[in-house]
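Please read the structure below before turning to the comments.
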Amino acid sequence: MMSRQQRKLFHVLAPILIISAICALLLGITNQFTSERIEDNRQQATLRLINDVMPLTYTNDLLNDRIDVTDARYLCTESAVSVFRARQEQNPVGLVLMPVVAKGYNGRIELAIGISYQGEITGVRVNAHRETEGLGDGIHQEKSDWILGFTDRSLANTAIDTWAVQSDGGDFDQLSGATISPRGVINAVKNALDYYEINKQSLYQ
Amino acid sequence: MIRARLLQNNPVLLHIAGLCPLIAVSVTLIKGLAIGLLTMLALILTMCTVSAFRHFTPLRVRLPIILLISTTTVTIIYLLFQAFFYELSVDFGIYIPLIAVNSLLLARLEEFALRQNVTTVLLDSITCGIGIVFIITLTGAFRELLAYGSLFSQADLLFGPAVQDRALEFLGGGKGLSLVAMAPGAFISLGLLIAALNVRRDSGLENRARD
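Protein chains in written order, with this note's numbering: chain A, -4 to 200; chain B, 274 to 484.
Right under this line is the structure:
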């Protein structure tokens, strides 16, 4: 038989245990039902971004032709950056680096950068940022066309010291009221191109 | 009763603290509507569940049980939301899970749901939820109008591609007052709205007093 104290404990614990069990069951079922769809949504979103920065034709399943690289010096992040390789038949067409981290006014700016095999930028998009509303957020494709200015740039057609905003003597427009955000993005894109030139061969393997 | 909830006894006006995380993401009318509906759904489901289990809940452990129920409900809602409204869920981020520990919700759960039967709680949370949706959508609309000069932009995120690009554009769709789109602007907008509602309520009271 249970003592009085044990019974008291039981009366408190039993409801918690039963409700926890019901909750766990419900969560499990919901997770089972939604996980595939959520994963699918996530891939769709990634693919949409990739296609935005990689307009060249490719024939491979780019989303699964992927390696992870780390390079704290050129890619400005300790964590892994995904490289999606675009190929036509067996020939490399270009690749997409994401997320490349740029230093913004308000923390990290995450970029997706598309580079053709010859080393020209095919597109840059902002994936996530926390720049100031109305000023620095002009780097985002939905707020202004600024980021489209990178298309077709390469280390060959844009001299090293012109990878800067115009007020720094460079070749890129600045956003009124915000120089730090564009500066960060320009640096990140240039560094990504440097990284590409150095590692070009190994990136397609 | 709805009128009373909307204008005189709106829980949102009374428990402004509970609103802060909701207000933060209501940058546009559609986003305000979405986060409002999510909160309303979470409110109704948790309130009713807690009420249904109230005879089964020992007084001493009511808080863990309330938290367990609210976090589970909100997690389920979050998962479903991610499955069907992925872009909005990315946009809202942490603010959806945060509904589970919303002070407004927890206070009502403990003070009200544990003491009333399910029907009363259901009716109360529906009216209360409508109050929340109303005020947050209104804040969202106000902010969208001032910051972006539009209304109903990105409606497709909530209602599907059929309503894409149906946004109403004012001011030529140009740049508006960007302060309103930032977090401080959210609180200023809410403050102005509350002031407007208070003026309305006070003038209503005066009229009634005169009659």
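Even glycine gets a Cβ: it sits at the ideal position worked out from N, Cα and C.
Keep in mind it's a predicted model, so treat the numbers as computed, not measured.
Span of the beta strand (DSSP E), counted from its first residue to its last, around residue i
i     : result
V78/A : 72 to 83
V64/A : 61 to 66
Assigned secondary structure, residue i (DSSP; H/G/I helix, E/B strand, else coil)
i      : result
G305/B : helix
E442/B : strand
L424/B : strand
V300/B : coil
F167/A : strand
I369/B : coil
M313/B : helix
D475/B : helix
E383/B : helix
P331/B : coil
F407/B : helix
D364/B : helix
R206/A : Absent from the structure is residue 206/A, since the part of chain A shown begins at -4 and ends at 200.
A154/A : coil
K138/A : coil
R388/B : coil
D132/A : helix
N480/B : helix
L51/A  : coil
N186/A : helix
Per-residue burial, residue i [other beta carbons within 10 Å of its own, 16 or more giving buried]
i      : result
R80/A  : buried
S343/B : buried
V48/A  : buried
K185/A : buried
K3/A   : exposed
H328/B : exposed
Q355/B : buried
R178/A : buried
P294/B : buried
G172/A : exposed
8 Å contact criterion, which residue i and residue j should meet: CB distance rounded
i      : j      : result
V334/B : P370/B : Actually they do not touch by this definition, with Cβ atoms about 23 Å apart.
A454/B : R416/B : 6 Å
G309/B : I405/B : 6 Å
S176/A : E126/A : 5 Å
T330/B : L387/B : 7 Å
A459/B : A297/B : 6 Å
V78/A  : R103/A : Actually they are not in contact, since the Cβ atoms of V78/A and R103/A sit about 19 Å apart, beyond 8 Å.
Y199/A : P87/A  : 5 Å
Which residues DSSP lists as bridging residue i, in chain order
i      : result
G99/A  : G102/A
R120/A : A107/A
A173/A : L170/A
L90/A  : R80/A, I110/A
S149/A : E115/A
Element boundaries [alpha helix (DSSP H), containing residue i]
i      : result
R2/A   : -1 to 48
Y351/B : 335 to 357
F259/B : Limits of chain B in this structure are 274 at one end and 484 at the other, which puts residue 259/B out of reach.
V160/A : From DSSP, V160/A is part of no alpha helix (DSSP H); its letter is neither H nor E.
V453/B : 451 to 454
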